[in-house]
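Student: Residue numbers (our numbering), protein chains in the order written: chain A, 1 to 231; chain B, 232 to 743. This is the structure I have questions about; it appears just below.
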Amino acid sequence: MTTTGLHRPAPGSAPPPAAATIRVRAAAGWRLARLYLVSRRVPMALALLAALGALLWCALHWHWNVAGGAAAKEFIPLTIETGAAALVAVTTYGPFGESEQAAGRWLPWLRFGAAVGLTAVAFGALATGAAAGGMPGGTPALLRNFGGMVGVGLLAAVIVGGAFSWAGPMAYLLITEGALAHRSTTPWVWPTRPPHDRGGVICACLVIAAGLVLITVRGPRESTPESGPAS
Amino acid sequence: MTAMTAPVRNRVPRVTGVVPLNAARLLGVELRRNTMPWILPLIAVLFWFDSYRPSAGTSPLYGLRTFWNMGQGHTIIDFGPFVAGVAAWMGSRDGRRGLADLVTATPRPRWVAQLVTWAATAIWAVAAYLICVGAMFAMYAHQGVGGTPPWWWVGVGVAAVTAFSAAGFAIGAYWPNRFAAPVAAFGGFLAMFLSSQTGFTHQSGWALILPTNSYDDFTGSSQTDSGIFYPWVPDVPIARIMLLAGMAIAALGLTGLPARAGGQWLRRAAAIVTLAGVALAGTAVGLARTAHESVEGAVIPALHDAASDAPISYSPVCGSAAGTSVCLNPAYGRWLPDVTAGLAPVLAEVSGLPGTPARITQVAASYPSGGSGPPVPMTFGGDPLALRLQLGILNMPGACGFCGLVTAQQFTDQIRLLFAHAFVGAGGAPGSPVQQAVQAALLQDAGIPIAAQPTLMRHVENYPGAEKGPATGPVYAAARRLAALPAAARHAWLATHLAAVRAGQLSLGDLP
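Put into structure tokens, the structure is as follows:
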């Protein structure tokens, strides 16, 4: 006997009920997703994102501002948004390397789902924090700035690896700081533009789209300066 | 012979030189295997973009060139968060890899090995900081920037980078997690900016200790001439170095407190080190509270060395404006033609009148009452009478950073306005109506139409009593009458009445 015909049920045996098959597949899918999220430390990321939402609420409620003009007042909320984007990017770091890529055909979809889901949760946490009032630019600016920052983080994960992907949003934040201080208004530095500015929105959308596509298709770079397991 | 009867041999003591050698080897390994070099190219690019590039658009004087990057701490902001993040990654290495138990069993105490890892990280970071700042100062020197660099602020930057690396390392050691690096980086960044909230608004007291507080020697006005007329006052930077060193020591001491760090004695030593760091930082804050403002910058009595107050000697560069000698500090020498061109028409106009200066000399910029009150860029004094010029208060021709571009014409008009204002005796006030009218007539004759004068006054920084509206009203009507007189008649009237004008004894009706 060989394994050739094993995909067919043995003659006379009862076929498994369709509902049971769906249940088994759903359970396996849920388990796969849960294990993926745990391996990326998503629960810890969710806790940190909630903390950032609370921090944003405190900053807006107690008017933590850098002294200066209107641009300076944007800066602490922007820093918190960037921190949240960095957390989303760092969750892309995978501890398993090549073996995971060889074994998991669902990996691209898991990467995509985790990035989109975590971005949505992070936006929710920040929007809740922004409910304290006084968010510069309101929800549209939050969505644009945070979305674009996540895109920068995902691109950084593709280029330098997930573990150091926080450096991308951090570098972008410093560029934004310089642009705000010197009144530069290129749409590629979208936080400097008004909330409903079309050029800024387009650039932010392009960056997050590129980040999502690349993180889905290619995944984060595996050979980081210090490869190996990470918690 | 059995093991029971074998003589006990005392352990041969190590050769003392072996320990430093092994430590040096370990440091070499850590330097080679460190992650910091990977992030340095990104930091270098950001340093160029955020620290050097904005400064290149300011006047070529060290006080102004380094206002943004050293005074407001942008070199620290560019380095610190990244250094903290990478140091956290290095500090969490053993924990992330599940090696903590394994390395605890090695002969070398865990704390010592961790300190070597931190030292390698800090060495990379500090070396990169010094290279970046050195390259920036070399560029400044190549561009002929006037004055001397603020070396003490470089020391503050080195201490800050070290403190960021120590704090990040401690976070990583206590929380070996992939999120330790971003939390350390963004936490450091947020702390720097939150300190700006206090630092930009509190001009004295403990807030001077904050590295982002630019008030002490970097106000952009009264202490613009630091490193040109007098040395940079090192008191506040010394206190900041103490604070940052204390924070670094305390953070490193904390990494030696857990049980796995080493034996009991070592952990006690770590506790003492931690307390010493906290004490050093607390002392620095206490010293900063005693700081008071002086003409040359913030002075902390306990740290101040009176010898550092000695003015910097220099050979002035001199020119001539309408036959009057004009001498400037060589750091301002490039603007001598603009200054003489600005002064020549007004000096020619008032030549022979009482109170006309015999010479014009530049003095260090300062506020009249130790930091409060409006600045007075031009004053008369001395015997023979001299015009003392505080160019450090003015926006010089060329790019001037946040104030945009100052053209040579704008600068010369500014010089003429300030001269006329000082000549009629208005001082730091808008002046009496007669003084304003005489000033307007003098300026009209020097080539600045009366209609354009209110605009000019609005654009001169700190000008007292700048006109809000057009050049109308009784003052300007009197000014037009005076300006319409023949030059000889006007000169004769001024020769007779100038003392009364300066004393504020005339009314507009007394003008011809």
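Glycine residues also receive a C-beta, built at the ideal position from the N, C-alpha and C atoms.
Below 8 Å between beta carbons: does that hold for P468 of chain B and V387 of chain B?
Tutor: Taking the second sequence and counting its residues from 1, the one referred to as residue 468 of chain B is at position 237. Taking the second sequence and counting its residues from 1, the one referred to as residue 387 of chain B is at position 156. For P468 of chain B and V387 of chain B, yes; Cβs fall inside 8 Å.
Student: Any heavy atom of the ligand NAP closer than 7 Å to the CB of I624 of chain B?
Tutor: Looking at this structure, you won't find the ligand NAP or any other ligand, since it has none at all.
Student: Compute the Euclidean distance between the alpha carbons of C203 of chain A and D569 of chain B, then round it to the nearest angstrom.
Tutor: As a first step, residue 203 of chain A must be located in the first sequence, where it is residue number 203. As a first step, residue 569 of chain B must be located in the second sequence, where it is residue number 338. Their Cα atoms are separated by approximately 45 Å.
Student: To the nearest whole angstrom, what separates the beta carbons of M609 of chain B and L618 of chain B, a pair I think is in contact under 8 Å?
Tutor: Your numbering for residue 609 of chain B matches position 378 in the second sequence. Your numbering for residue 618 of chain B matches position 387 in the second sequence. About 6 Å separates the two Cβ atoms, so the contact holds.
Student: Assign Q495 of chain B to one of three DSSP states: helix, strand, or coil.
Tutor: The sequence position of residue 495 of chain B within the second sequence is 264, counting from 1. Note: Q495 of chain B maps to helix in three-state DSSP.
Student: Which class does R193 of chain A belong to by DSSP, given the choice of helix, strand or coil?
Tutor: Locating residue 193 of chain A in the first sequence gives position 193, counting from the first residue. Here R193 of chain A sits in coil by DSSP.
Student: Using the C-alpha atoms, what's the distance from A537 of chain B back to V243 of chain B?
Tutor: Taking the first residue of the second sequence as position 1, residue 243 of chain B is located at position 12. Taking the first residue of the second sequence as position 1, residue 537 of chain B is located at position 306. Low confidence applies here, because V243 of chain B scores a pLDDT of 49, under 50, leaving its location unreliable and the question unanswered by this model.
Student: Where does S453 of chain B land, buried or exposed, given buried means 16+ other C-beta within 10 angstroms?
Tutor: Here the question's residue 453 of chain B lines up with position 222 in the second sequence. In this prediction, S453 of chain B has a pLDDT of 45, which is less than 50 and means its spatial position is unreliable; what the coordinates show is noted afterwards. That one is buried.
Student: Consult DSSP for Q645 of chain B and reduce its assignment to one of helix, strand or coil.
Tutor: One-based indexing of the second sequence puts residue 645 of chain B at position 414. Helix, per DSSP.
Student: What in chain B is Cβ-close to R41 of chain A, meaning under 8 Å?
Tutor: Residue 41 of chain A sits at position 41 when you count from the first residue of the first sequence. Correct list: N408, R409 and F410.
Student: Between G601 of chain B and the rest of its own chain, which residues show a CB-CB distance below 8 Å, the 5 nearest in sequence each way excluded?
Tutor: Numbered from 1 along the second sequence, position 370 holds the residue referred to as residue 601 of chain B. Reliability of the predicted coordinates at G601 of chain B is poor, the pLDDT of 46 falling under 50, and the value obtained from them is presented with this limitation in mind. Same-chain partners within the cutoff: E524, S525 and V526.
Student: Rounded to the nearest angstrom, what separates H63 of chain A and A51 of chain A at their Cα positions?
Tutor: Position 63 of the first sequence, counted from the start, is the residue given in the question as residue 63 of chain A. Position 51 of the first sequence, counted from the start, is the residue given in the question as residue 51 of chain A. Looking at the two C-alpha atoms, the distance is approximately 18 Å.
Student: What are the boundary residues of the beta strand (DSSP E) that T297 of chain B is part of?
Tutor: Stepping through the second sequence from its first residue, residue 297 of chain B is reached at position 66. Segment Y293 to T297 is the alpha helix (DSSP H) holding T297 of chain B; no beta strand (DSSP E) there.
Student: Starting from V116 of chain A, follow the alpha helix (DSSP H) in both directions and report where the run begins and ends.
Tutor: Walking along the first sequence from the start, residue 116 of chain A turns up at place 116. It spans L107 to A130 - the alpha helix (DSSP H) in which V116 of chain A sits, taken as one unbroken run.
Student: Apply the 10 Å Cβ neighbour rule to N253 of chain B and answer buried if 16 or more other Cβ atoms are within range, or exposed otherwise.
Tutor: Here residue 253 of chain B refers to the residue found at position 22 when the second sequence is read from its first residue. It is exposed - the Cβ of N253 of chain B has fewer than 16 other Cβ atoms within 10 Å.
Student: Check distances from the C-beta atoms of the stretch 63-88 of chain A to those of chain B and list, in chain order, the residues that come in under 8 Å.
Tutor: Here the close residues are W64, N65, V66, A67, G68, F75, I76, T79, I80, T82, G83, A86 and L87.
Student: Going by alpha carbons, who is nearest to V577 of chain B out of B:G583, B:A651 and B:G528?
Tutor: Residue 577 of chain B sits at position 346 when you count from the first residue of the second sequence. Of the listed residues, the one whose Cα sits closest to V577 of chain B is B:A651.
Student: At the level of alpha carbons, what is the spacing between A287 of chain B and M423 of chain B?
Tutor: Here residue 287 of chain B refers to the residue found at position 56 when the second sequence is read from its first residue. Here residue 423 of chain B refers to the residue found at position 192 when the second sequence is read from its first residue. Looking at the two C-alpha atoms, the distance is approximately 24 Å.
Student: Distance, Cα to Cα, L744 of chain B vs A714 of chain B?
Tutor: The question about residue 744 of chain B has no answer, for chain B in this structure spans 232 to 743.
Student: Return the Cβ separation of P461 of chain B and I543 of chain B in integer angstroms, given the expectation that the two are a contact with Cβ distance under 8 Å.
Tutor: Taking the first residue of the second sequence as 1, we reach residue 461 of chain B at position 230. Taking the first residue of the second sequence as 1, we reach residue 543 of chain B at position 312. In the sequence on display, residue 461 of chain B carries Tyr and not Pro. That belief holds up - the Cβ atoms of Y461 of chain B and I543 of chain B are roughly 6 Å apart, short of 8 Å.
Student: Is there a Cβ from chain A that is less than 8 Å from the Cβ of L425 of chain B?
Tutor: Position 194 of the second sequence, counting from 1, holds the residue named residue 425 of chain B. At least one chain A Cβ lies under 8 Å of L425 of chain B.
Student: Mind checking who H61 of chain A pairs with in its DSSP beta bridge?
Tutor: In the first sequence, residue 61 of chain A corresponds to position 61, counting from 1. Its beta-bridge partners do not exist; DSSP assigns none.
Student: Roughly how many angstroms separate the alpha carbons of A672 of chain B and G138 of chain A, rounded to a whole number?
Tutor: In the second sequence, the residue the question calls residue 672 of chain B occupies position 441. In the first sequence, the residue the question calls residue 138 of chain A occupies position 138. Looking at the two C-alpha atoms, the distance is approximately 53 Å.
Student: May I ask which residues mark the beginning and end of the beta strand (DSSP E) holding M609 of chain B?
Tutor: If you number the second sequence from 1, residue 609 of chain B lands on position 378. Per DSSP, M609 of chain B belongs to the beta strand (DSSP E) from M609 to G612.
Student: Just mark E692 of chain B as buried or exposed, buried being the case when its beta carbon has 16 or more other beta carbons within 10 Å.
Tutor: Sequence index remark: in the second sequence, residue 692 of chain B carries index 461 (1-based). It is exposed - the Cβ of E692 of chain B has fewer than 16 other Cβ atoms within 10 Å.
Student: Give me, in chain order, the residues of the same chain whose beta-carbon lies closer than 7 Å to that of G378 of chain B; leave out the 5 immediate sequence neighbours on both sides.
Tutor: Position 147 of the second sequence, counted from the first residue, corresponds to residue 378 of chain B. Once the five neighbours on either side are set aside, the close Cβ partners of G378 of chain B are L292, Y293, G294, G458, I459 and A562.
Student: Select from the stretch 411-422 of chain B all residues with a C-beta closer than 8 Å to any C-beta belonging to chain A, and list them in chain order.
Tutor: Here the close residues are A412, P413, V414, A416, F417, F420 and L421.
Student: Assuming contact is defined by CB atoms lying nearer than 8 Å, are L737 of chain B and A731 of chain B in contact in what I supplied?
Tutor: Locating residue 737 of chain B in the second sequence gives position 506, counting from the first residue. Locating residue 731 of chain B in the second sequence gives position 500, counting from the first residue. A contact, by the Cβ cut-off of 8 Å.
Student: So the candidates are B:G302, B:F417, B:R341 and B:T297; which of them puts its Cα closest to the Cα of L49 of chain A?
Tutor: Here residue 49 of chain A refers to the residue found at position 49 when the first sequence is read from its first residue. Of the listed residues, the one whose Cα sits closest to L49 of chain A is B:F417.
Student: I'd like to know if P312 of chain B contacts chain A, where contact means its C-beta is closer than 8 Å to some C-beta of that chain.
Tutor: Position 81 of the second sequence holds residue 312 of chain B. Output row for P312 of chain B: interface = yes.
Student: Is V90 of chain A close to chain B, meaning its C-beta is less than 8 Å from at least one C-beta of that chain?
Tutor: As a working note, residue 90 of chain A is residue 90 in the first sequence. Yes, contact with chain B.
Student: Would the beta-carbon of V655 of chain B fall within 8 Å of that of Q666 of chain B?
Tutor: The count along the second sequence starts at 1 and reaches residue 655 of chain B at position 424. The count along the second sequence starts at 1 and reaches residue 666 of chain B at position 435. Yes; because the gap between Cβ atoms is below 8 Å, this pair is in contact.
Student: Does V752 of chain B come out as helix, strand or coil in the three-state DSSP assignment?
Tutor: Absent from the model: residue 752 of chain B. The displayed extent of chain B is 232 to 743, so no value can be given.
Student: At 7 Å on the CB atoms, spell out the chain A contacts of F280 of chain B, in chain order.
Tutor: Counting from one through the second sequence, the residue named residue 280 of chain B turns up at place 49. I175 and G178, listed in chain order.
Student: Of all the CB atoms in chain B, is at least one closer than 8 Å to the CB of W57 of chain A?
Tutor: Within the first sequence, numbered from 1, the residue matching residue 57 of chain A stands at position 57. No, because no Cβ of chain B sits closer than 8 Å to the Cβ of W57 of chain A.
Student: Which one or two residues does DSSP pair with Y461 of chain B in a beta bridge?
Tutor: Here residue 461 of chain B is taken as the residue at index 230 of the second sequence, counted from 1. In DSSP, Y461 of chain B forms a bridge with B:S457.
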